[in-house]
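In our numbering, each residue's number is its place in the sequence shown (first place is 1) plus 50.
Virtual Cβ for every residue (Gly too), placed ideally from N, Cα, C.
All values reported here derive from a predicted model rather than from experimental measurement.
One structure below.
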Amino acid sequence: MNIDLKLDLSKRILCHRAMRDHLIFEQLHKIFSNDFKLVNEELESISSLFKNIPLNETFKRNFLEKTYKKKSAYYACLVNSNIDTLLIPEYLETKLSRNILIKKETEQYFKSIDNFRLHTIQNTSSIYECILFSEEAEQNNSFDLFSNQAPESASCPEDLKLVFEQWAEDFKGYSPLETILFSVLDWHAFNKFSFSNKRQILLYLNYQLWKQYGNIFQKLDLESSLYQNWTLETLDPIKAIKSLLTSIQEDVVAMKVELRELYNEQINFKRLNSKQKIVSNFIFSKNFKLNLNIDSGSIANNSIIKQIQNKGFVDFFELSHHTDILQQKKSISVLMESEVLELSKIEGIVGLYLNTSFNNKKNNLYKFQNVRSNENNIKIDEFFNQSISNPIVPIEKLIVTPEPVLEVKAKRQKAFFG
Numbered sequence: 051m052n053i054d055l056k057l058d059l060s061k062r063i064l065c066h067r068a069m070r071d072h073l074i075f076e077q078l079h080k081i082f083s084n085d086f087k088l089v090n091e092e093l094e095s096i097s098s099l100f101k102n103i104p105l106n107e108t109f110k111r112n113f114l115e116k117t118y119k120k121k122s123a124y125y126a127c128l129v130n131s132n133i134d135t136l137l138i139p140e141y142l143e144t145k146l147s148r149n150i151l152i153k154k155e156t157e158q159y160f161k162s163i164d165n166f167r168l169h170t171i172q173n174t175s176s177i178y179e180c181i182l183f184s185e186e187a188e189q190n191n192s193f194d195l196f197s198n199q200a201p202e203s204a205s206c207p208e209d210l211k212l213v214f215e216q217w218a219e220d221f222k223g224y225s226p227l228e229t230i231l232f233s234v235l236d237w238h239a240f241n242k243f244s245f246s247n248k249r250q251i252l253l254y255l256n257y258q259l260w261k262q263y264g265n266i267f268q269k270l271d272l273e274s275s276l277y278q279n280w281t282l283e284t285l286d287p288i289k290a291i292k293s294l295l296t297s298i299q300e301d302v303v304a305m306k307v308e309l310r311e312l313y314n315e316q317i318n319f320k321r322l323n324s325k326q327k328i329v330s331n332f333i334f335s336k337n338f339k340l341n342l343n344i345d346s347g348s349i350a351n352n353s354i355i356k357q358i359q360n361k362g363f364v365d366f367f368e369l370s371h372h373t374d375i376l377q378q379k380k381s382i383s384v385l386m387e388s389e390v391l392e393l394s395k396i397e398g399i400v401g402l403y404l405n406t407s408f409n410n411k412k413n414n415l416y417k418f419q420n421v422r423s424n425e426n427n428i429k430i431d432e433f434f435n436q437s438i439s440n441p442i443v444p445i446e447k448l449i450v451t452p453e454p455v456l457e458v459k460a461k462r463q464k465a466f467f468g
């Protein structure tokens, strides 16, 4: 690039910054520093919970899909001014939209996100050039079977490259979440506060959130928030950042409630006894990350560890299917000696439960301790030798509804005229 062109571009970028106050990011950092810290912790926590919660992949995929489709709909409305939000309900209710424009935009959105894993080059300008999926670029690049980088689909404008280069200095010392949202705000100002035909900026936002927090970015309904709050010709930076942080927090709260419901359904929470409910609530609050500090070699039966980590208690009927009782007793003895497991008698049944106070010195939650638990010395043999006619987790009685008996009407004899 020649010197004159470089100077011209520098003047243009300076004008862009002068319109918005060059100290705006420092001001935003001071105003929202605590908010960013809190929201980041909430995002990291929900990301950990989603990763560790013992739900099968089908449940997790269904959990993400509904909001993901809504995100794609608002993305389409943002980048294509010919698409009206009135089309969104019909798009969400059907598998295939009858509108060609929304179908084209949403399909490109999904394919672009599917290619996130291929962006091995971390330079922002390079990401801009390949983050938008292009059928033509994909076909031209199909001969390279060993490439792990998405093909280029657009050329990054030179003046926008200068904006990207300035971010390293502008956002130095800021948290990752601050950097993501501030960079999108700066880019949006460069685009004159319009998302029309600006697909890369929205994909870049999702890409950075995916890198930082994993697949839960699909449940962050930011496109809807941007459509409602960021499409004004003059945008107040403080209100803009506040709207996104609020949207993220609301989505995280909703995610946690939904995951709690899915988990409760899977373990039949309503059927659990009081102690089982306490320990399952405890491990959920810990995002299923328990620092048990156990030598795995001393535990012969990994199913016991799995039950503790997934539910917080050991199911008698699951153990009864194993024939080697001695190995089971040995494994449980190790866990009890380590104060990971404890025996309690609830409603006349001896059960093995996670000791929620096993790590109190490391500030585990006292509130989950069961103050009513028995302190008597129960032996392991009492757990194995008990004769339980019903499972520890009681099964609700089936209500049998008798089938209606059809009344058979007597047929009238036809008169016989011989």
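Tell me where the beta strand (DSSP E) around S274 begins and ends.
Where S274 is concerned, there is no enclosing beta strand (DSSP E), although the alpha helix (DSSP H) it sits in stretches over L272 to N279.
Given T117, which residues of its chain have a CB within under 7 Å of its CB, disregarding the five upstream and five downstream residues?
The answer, listed in chain order, is Q268, K269 and D271.
Residue from L105, V364 and T144 whose Cα sits closest to the Cα of I430:
V364
CB K320 to CB Y403, shorter than 7 Å?
no
Length of the line joining the Cα atoms of L252 and E273
The alpha-carbon atoms of L252 and E273 are separated by roughly 8 Å.
Report the three-state DSSP secondary structure of E283 (helix, strand or coil).
coil
State buried or exposed for K336, treating a residue as buried only when at least 16 other CB atoms are found within 10 Å of its CB.
buried
Please list the terminal residues of the continuous beta strand (DSSP E) segment that includes I396.
L391 to I396
Within 7 Å, strictly: CB atoms of S175 and F232
Against a cut-off of 7 Å, the Cβ pair of F232 and S175 comes out as no contact.
Buried versus exposed, by CB contacts within 10 Å (16 or more), S147
buried
Roughly how far, in whole angstroms, is the beta-carbon of L93 from the beta-carbon of Y263, given that I think they are within contact range, below 8 Å?
5 Å
If you draw a straight line from the C-alpha of T170 to the C-alpha of E208, how long is it?
When rounded, the separation of the alpha-carbon atoms in T170 and E208 is 22 Å.
Buried or exposed for N173, going by 16 or more other Cβ atoms inside 10 Å?
exposed
Is the CB-CB distance between F109 and E228 below 7 Å?
no
So which of I288, L309, N314 and D374 has the shortest CA-CA distance to S98?
L309
Give the straight-line distance between the Cα atoms of W217 and E143, rounded to the nearest whole angstrom.
Cα-Cα distance, rounded: 41 Å.
Exposure label - V307; buried when at least 16 CB within 10 Å:
exposed
Might you give, ordered along the chain, the residues of its own chain that have their beta carbon closer than 8 Å to the beta carbon of E219, omitting 5 neighbours on each side?
none
V400 - partner residues in DSSP beta bridges
K395
Alpha-carbon to alpha-carbon, L73 and N84:
Roughly 19 Å separates the two Cα atoms.
Excluding the 5 residues flanking N90 on each side, which residues of the same chain have their C-beta closer than 7 Å to its C-beta?
S225 and L227
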